[in-house]
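Asks: Mapping of the sequence shown onto this note's numbering: position 200 corresponds to residue 181, and the numbering continues sequentially without gaps.
Glycine included, C-beta positions come from ideal geometry on N, C-alpha and C.
As the structure is a computational prediction, the values presented were derived from the model and not from experiment.
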Amino acid sequence: MSTFTMDADWLPFHPNPSKPAFTPPPGAVDAHCHVFGPGDVFPYAPERKYTPCDAPKEKLFELRDFLGFSRNVIVQATCHGKDNRALVDACRAAGDKARGVASVGPDITMDELKAMDEAGVRGVRFNFVKRLVDATPKAVFLGIAEKIATLGWHIVVYFEAQDLEELTPFLKQLPTTIVVDHMGRPDIAAGVDSPGFQRFVDLMAENDNIWSKVSCPERLSVTGPDGYDDVVPFAKRIVETFPDRVLWGTDWPHPNMKSHMPDDGKLTDFIPKIAVNEELRKALLVDNPMRLYWGR
């Protein structure tokens, strides 16, 4: 019997996703997904803000093959804190089919970072979403950034649109490639031409080391499933304006979704709406993630 009980309002991942109509190009990468536990093998962190259902690597790899992807980039989830063992285990099990993004503290040693590098980790994640993590001083993040820069790693940042203005000076200090999760979580109801979204577009335009994941329409949409059509203009603008600096991922197993649990097949069918020709799709799903995560 598990020693962890998932939160009463937790929505487990879709048990039977549909087969997508869209066929990803050969070599396509799901560049944003997670593994949870299993908790009895890889315990959830004491400081976690939520207790999920188990979502082990075997289920992730099964979904990868079912949806027609070739590789995964597995991102450390906050429920595991800075204990990256589940992530590293999944990367090792997948071999060349997975890379990882870890979460580390200021006391991380270069030997520990090098061991993760050998397992396939290629970046660290800095989380600024206040409901998910406790605040960390910017100086701590800058110290970590200096360490991981020596390995050629990059930094994934997660924040919400209202925090972008305050975070911009900090982002400009980071010495690596930066990947922003989910377009910085724009306010979809405000519209694609809103000042808030324009601030994010301008940030990317002015800083060619900043990339964006055009993922998680299910988190951003006001109209909801199944098409998430209100998110399309936002993702399409980023894909077409910065075709060589975009990534896409399922976000499986969709942590902390409260409104509904998305069908991963229908999420995959979101891709041709935002990357409208083969050239854009190949960049988004193959060329960009391969360059960033498998480039050495």
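In whole angstroms, give me the CA-to-CA distance for H163 and A67.
Replies: 23 Å
Asks: Alpha carbon to alpha carbon, how far is F107 from V138? Give it in angstroms, no decimals.
Replies: Each residue's Cα considered, the two are about 5 Å apart.
Asks: By Cβ distance, which residues of its chain are closer than 8 Å to K128, with the 5 residues on each side in sequence left out?
Replies: I89, M91, L94
Asks: Does DSSP classify D168 as helix, strand or coil?
Replies: coil
Asks: So if DSSP puts S285 in a beta bridge, which residue, or which two residues, is it bridged to?
Replies: In the structure as shown, the chain starts at -18 and stops at 277, and residue 285 therefore has no counterpart that could be examined.
Asks: Which same chain residues, not among the five before or five after V182, have their C-beta less than 8 Å away from its C-beta?
Replies: Taken in chain order, the residues that qualify are R218, I219, T222.
Asks: What distance in whole Å lies between the Cβ atoms of P33 and M(-13), which are believed to be in contact at a cut-off of 8 Å?
Replies: 6 Å
Asks: Under 6 Å Cβ to Cβ from M185, same chain only, skipping five residues before and after it: list those, please.
Replies: I191, F223
Asks: Classify A116: buried if its beta carbon has 16 or more other beta carbons within 10 angstroms, exposed otherwise.
Replies: exposed
Asks: What number of angstroms, rounded off, separates the C-alpha of D268 from the C-alpha of Y274?
Replies: 10 Å
Asks: Where does A264 fall in DSSP's three states?
Replies: helix
Asks: Please confirm whether V212 and P198 have their CB atoms less than 7 Å apart.
Replies: Yes, they are a contact pair.
Asks: Within its chain, find whatever has a CB closer than 7 Å to the CB of F(-15); leave out the 5 residues flanking it on each side and keep chain order.
Replies: G20, Y25, T32
Asks: Going by the CB atoms, is the gap between K38 and A279 shorter than 7 Å?
Replies: Only positions -18 to 277 of the chain appear in the structure, and residue 279 is not among them; the question remains open.
Asks: If you draw a straight line from the alpha carbon of L265 to that of P167, how long is it in whole angstroms?
Replies: 20 Å
Asks: In terms of DSSP beta bridges, what is F284 paired with?
Replies: It is not possible to answer for residue 284, since the shown part of the chain is limited to -18 through 277.
Asks: So, using beta-carbon positions, are D(-10) and N53 closer together than 7 Å?
Replies: no
Asks: What is the DSSP secondary structure of W(-9), reduced to helix, strand or coil?
Replies: coil
Asks: If I follow the unbroken beta strand (DSSP E) through A83, where does it start and stop?
Replies: Note, A83: beta strand (DSSP E), 79 to 83.
Asks: Please tell me whether V145 and G172 are closer than 7 Å, where the distance is taken between their beta carbons.
Replies: Here the sequence assigns Leu to residue 145, which means Val is not the residue at that position. Cβ distance not < 7 Å, so L145 and G172 don't count as in contact.
Asks: Let's test the definition: count the other Cβ atoms within 10 Å of the Cβ of A58 and tell me whether it reaches 16, buried, or not, exposed.
Replies: buried
Asks: List the residues that DSSP assigns as beta-bridge partners of V203.
Replies: Answer is none; V203 lacks a bridge partner.
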